[in-house]
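Residue numbers (full-length UniProt numbering), protein chains in the order written: chain L, 1 to 344; chain E, 1 to 344.
All C-beta atoms in this analysis are idealised placements derived from N, C-alpha and C, irrespective of residue type, glycine included.
The structure displayed is predicted, hence computed values, not measured ones.
Read the structure below first, then the notes.
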């Protein structure tokens with residue numbers, strides 16, 4: 001199947017136009033707004049369509065009709081159940097409206113994300129779902145120019161103007177940090193993914209500092225360790241914290257995967273959780289409740305977020321109006337891994 | 001951004017042709033094989049391209065050049081790390097060759113998978129990666145007709161003719177079942193995903209029966225419980241087995257997620273693993289080694305499979321030849337959850 005053979009085997013809009021002796025615009029019109037075309041022309045075009053076996057949904061229709069019923073989404077990773085669950089609900093809701101989801105996974109790489117956004121637009125996605133606000137303004141300009149409605153999920157920041165269906169990462173972590181501080185913790189460390197190009201992680205780190213300030217403590221006391229998301233990296237980061245700041249009594253991780261790594265490292269070091277050290281997570285994915293001890297974390301309504309995001313995009317494609325941003329509530333799940341600070 | 005506005009805002013190949021006063025075929029040639037077009041024509045076309053702000057990679061180029069540098073893949077679920085890991089490696093290798101991966105997740109639904117395959121082809125995917133062999137012959141005919149090279153992964157079955165980069169699910173599970181039987185187990189149950197449209201799960205179940213036959217035992221003795229993949233469903237299936245067949249001494253699960261559920265149910269029922277009952281998994285994803293007790297399972301070379309699958313598809317796009325199938329070896333990971341059968 002060489003390029004040439006493929007070219008021969010797939011008839012194009014231009015082939016139809018040529019055979020029917022009309023312009024390509026007329027072919028498009030016949031396929032998409034047949035009532036706007038005279039009967040004779042329509043019959044001639046449809047005859048050519050059938051004769052050539054032209055399949056209007058092979059790209060050409062996308063160009064002609066600007067309706068592909070395909071929605072694109074770029075997520076930072078497939079390796080975290082948080083996105084798998086949310087996007088599954090997103091896809092189910094899209095499916096109920098006859099839309100197909102095409103997905104790309106950027107591996108938290110801003111450049112790769114841009115390439116994937118451009119590919120999805122080039123492949124005719126009607127609309128896009130993106131995770132978080134952080135990206136080059138040039139990308140948003142590109143999407144506006146192309147007229148591709150774009151919705152942000154996983155973040156809700158009242159200071160941002162773009163439409164989002166998400167939650168306030170900073171406020172959610174602030175609430176958990178208040179509970180940590182209320183248990184007598186002062187020497188708090190934070191294990192986070194790199195915060196550059198990741199407003200969710202950055203917001204969560206800021207939330208811890210906010211709570212320190214509220215409690216009359218110095219936010220600079222929070223030891224921050226940045227490492228890529230992972231169980232192994234969480235383990236290493238935990239060891240680093242305990243080596244550099246052995247007085248730490250609570251380690252707040254910006255997601256559950258890092259926190260599970262921290263729990264493993266604690267066990268390996270012979271530290272009891274929460275008696276010797278408290279550990280908290282964020283997301284409330286399945287492993288949070290499976291961990292031993294069970295992980296205290298922030299529950300994120302992934303499935304509801306996915307479902308509502310799909311509804312919002314379906315609305316904008318139907319009605320041409322992108323609605324207001326929607327903030328979803330998060331909840332603290334108090335389990336076993338947070339306890340009172342040990343005595344100094 | 002109504003359909004009309006979008007139509008107005010995005011210039012088409014036909015717009016360029018009209019402004020340059022040439023055929024659309026000439027525009028395509030200018031963009032894709034400029035040396036095949038006279039200098040004057042080329043300059044006129046490129047002037048029109050620039051004037052209109054025509055972006056050749058918006059679908060039109062796909063139609064014109066049949067080269068989108070986009071590879072499609074349909075996986076059964078995002079909610080299992082096994083696919084996340086394998087596809088991440090697949091994507092990384094594609095990226096090294098300038099290809100972008102667009103993904104769809106079928107939720108183990110054959111009809112949805114077909115819809116997604118058609119959408120990926122309609123959106124111009126140069127080639128496809130599909131998981132397992134099982135699907136309607138009509139879909140394979142459709143892909144052949146459209147000239148879209150398609151590679152199977154996650155399965156390798158010498159009896160099949162389609163090109164695959166995968167492993168022999170049946171032989172891999174047979175090897176593990178031999179070890180289970182060698183530990184004195186005879187009353188073996190199997191917890192599996194529905195085997196219809198899932199040759200991987202079906203092969204693994206058959207592998208257990210094969211080992212029973214080899215050992216001179218009746219393969220019909222294996223109690224089979226089908227349930228969707230999940231930790232919760234694995235728990236329920238374990239309870240069902242123990243309620244219906246309390247003599248069971250080993251439960252072989254066709255993936256690690258089900259097996260982790262089985263371990264949880266065993267603990268909840270006060271059964272010690274492996275003293276009272278042995279549990280095995282398949283895949284060797286991260287939770288297998290994190291489980292307590294650590295899970296005996298079959299290690300699948302996800303990342304290598306993803307990398308090799310990408311190389312194979314890149315080759316076929318370059319050289320027009322789909323190579324031979326490639327079988328990758330699996331390995332048994334003996335951990336703590338398999339032990340000798342308890343005395344009757």
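> Should residue 376 of chain E be flagged as near chain L, meaning a C-beta pair shorter than 9 Å?
Replying inline: This structure does not reach residue 376 of chain E, given that chain E is present from 1 up to 344, and the question cannot be answered.
>> If we require 4 or more residues per run, which alpha helix (DSSP H) segments fall completely within the stretch 189-218 of chain L?
In response: Residue ranges of uninterrupted alpha helix (DSSP H) with 4 or more members, entirely inside the stretch 189-218 of chain L and ordered along the chain, are 199-214.
>> Can you pull the chain E neighbours of residue 292 of chain L, defined as C-beta to C-beta under 8 Å?
In response: Chain E residues near residue 292 of chain L: 292.
>> Distance check for residue 69 of chain L and residue 203 of chain E, CA to CA, integer angstroms please.
In response: About 36 Å.
> Roughly how many whole angstroms lie between the Cα atoms of residue 179 of chain L and residue 339 of chain L?
Replying inline: If you draw a straight line from the Cα of residue 179 of chain L to the Cα of residue 339 of chain L, it comes to about 10 Å.
> Going by Cα to Cα distance, which pick from L/329, L/47, L/43, L/287 is closest to residue 303 of chain L?
Replying inline: Its Cα nearest to that of residue 303 of chain L, the residue L/329 stands out among L/329, L/47, L/43, L/287.
> Any C-beta of chain E sitting closer than 9 Å to the C-beta of residue 171 of chain L?
Replying inline: Not a single CB atom of chain E sits nearer than 9 Å to the CB of residue 171 of chain L.
>> Quick check on the burial criterion: 16 or more other C-beta atoms within 10 angstroms. Buried or exposed for residue 324 of chain E?
In response: Residue 324 of chain E is classed as exposed because its beta carbon has fewer than 16 other beta carbons within 10 Å across all chains shown.
>> Alpha carbons only, please: which of E/306, E/235, E/44, E/250 is nearest the one belonging to residue 182 of chain E?
In response: Measuring C-alpha to C-alpha distances from residue 182 of chain E to each of E/306, E/235, E/44, E/250 identifies E/250 as the nearest.
> When the Cα atoms are used, what is the spatial distance from residue 309 of chain E to residue 301 of chain E?
Replying inline: Rounded to the nearest whole angstrom, the C-alpha separation of residue 309 of chain E and residue 301 of chain E is 12 Å.
>> Give me the chain A residues within the contact set of residue 314 of chain L, using Cβ-Cβ distance strictly less than 7 Å, ordered along the chain.
In response: Given the protein chain composition of this structure (L and E), no chain A is represented.
>> I'd like the list of long-range same chain contacts for residue 102 of chain E, defined as Cβ closer than 8 Å, with 5 residues on each side in sequence excluded.
In response: Closer than 8 Å at the Cβ level, and outside the excluded window around residue 102 of chain E, lie 70, 71, 72, 73, 120, 123, 125.
> Where do the ends of the alpha helix (DSSP H) carrying residue 278 of chain E lie?
Replying inline: It is not in any alpha helix (DSSP H) - residue 278 of chain E instead sits in the beta strand (DSSP E) that spans 278-280.
> Three-state secondary structure (DSSP) at residue 285 of chain E?
Replying inline: If DSSP states are grouped into helix, strand and coil, residue 285 of chain E belongs with coil.
> Assuming residue 252 of chain L and residue 177 of chain L make a contact with CB atoms under 8 Å, what is their CB distance in whole Å?
Replying inline: Correct: roughly 7 Å between the Cβ atoms.
>> In the DSSP output, which residue or residues are listed as bridge partners for residue 105 of chain E?
In response: BP columns for residue 105 of chain E point to E/75.
> At a Cβ threshold of 9 Å, is residue 304 of chain L touching chain E?
Replying inline: Among the residues facing chain E, residue 304 of chain L is not included, as its CB has no counterpart in that chain under 9 Å away.
>> Between which two residues does the alpha helix (DSSP H) holding residue 182 of chain E run?
In response: 169-182 is the span of the alpha helix (DSSP H), which, as asked, contains residue 182 of chain E.
> Between the stretch 22-33 of chain E and chain L, which residues of the former have a C-beta closer than 7 Å to a C-beta of the latter?
Replying inline: Taking 7 Å as the Cβ-Cβ cut-off against chain L, the residues of the stretch 22-33 of chain E that qualify are 24, 25.
> Is the beta carbon of residue 265 of chain E less than 9 Å from the beta carbon of residue 234 of chain E?
Replying inline: Result yes, Cβ atoms of residue 265 of chain E and residue 234 of chain E sit closer than 9 Å.
> Of the choices E/240, E/170, E/99, E/290, whose alpha-carbon is the least far from that of residue 317 of chain E?
Replying inline: Out of E/240, E/170, E/99, E/290, the CA that lies nearest to the CA of residue 317 of chain E is found in E/99.
>> For the pair the stretch 34-42 of chain L and the stretch 157-173 of chain L, tell me if three or more CB-CB distances fall below 8 Å.
In response: No, because fewer than three Cβ pairs between the stretch 34-42 of chain L and the stretch 157-173 of chain L fall closer than 8 Å, the two stretches do not touch.
> Hey, would you say residue 93 of chain E sits closer than 9 Å to residue 306 of chain E, going by beta carbons?
Replying inline: Yes, Cβ-Cβ distance for residue 93 of chain E and residue 306 of chain E is below 9 Å.
> Who are residue 252 of chain L's beta bridge partners in DSSP?
Replying inline: The secondary-structure analysis by DSSP pairs residue 252 of chain L across a beta bridge with L/190, L/280.
>> Less than 9 Å between the C-beta atoms of residue 84 of chain L and residue 79 of chain E, yes or no?
In response: Cβ distance < 9 Å, so residue 84 of chain L and residue 79 of chain E count as in contact.
>> Beta-carbon within less than 8 Å of residue 292 of chain L's beta-carbon, same chain only, minus the 5 sequence neighbours each way: which residues are those?
In response: The residues 263, in chain order, have a CB closer than 8 Å to that of residue 292 of chain L in the same chain once the five nearest residues on each side in sequence are set aside.
> Is the CB of residue 151 of chain E under 9 Å away from at least one CB in chain L?
Replying inline: False, the Cβ-Cβ gap to chain L never drops below 9 Å.
>> Let me make sure I understand the geometry here. Which of L/315, L/12, L/248, L/32 has the alpha-carbon closest to that of residue 221 of chain L?
In response: Distances from the CA of residue 221 of chain L to each of L/315, L/12, L/248, L/32 were compared; the closest alpha carbon is that of L/248.
>> I'd like to know if the stretch 138-152 of chain L and the stretch 137-151 of chain E are in contact, where contact means that at least 3 CB-CB pairs between them fall below 8 Å.
In response: Contact between the stretch 138-152 of chain L and the stretch 137-151 of chain E is absent, because fewer than three Cβ pairs lie under 8 Å.
> residue 155 of chain E versus chain L: which residues are under 9 Å apart at the beta carbon?
Replying inline: Correct list: empty, because the minimum Cβ distance to chain L is about 20 Å.
> Can a CB atom of chain L be found closer than 9 Å to the CB of residue 92 of chain E?
Replying inline: In terms of beta-carbon proximity, residue 92 of chain E lines the interface with chain L, with at least one pair separated by less than 9 Å.
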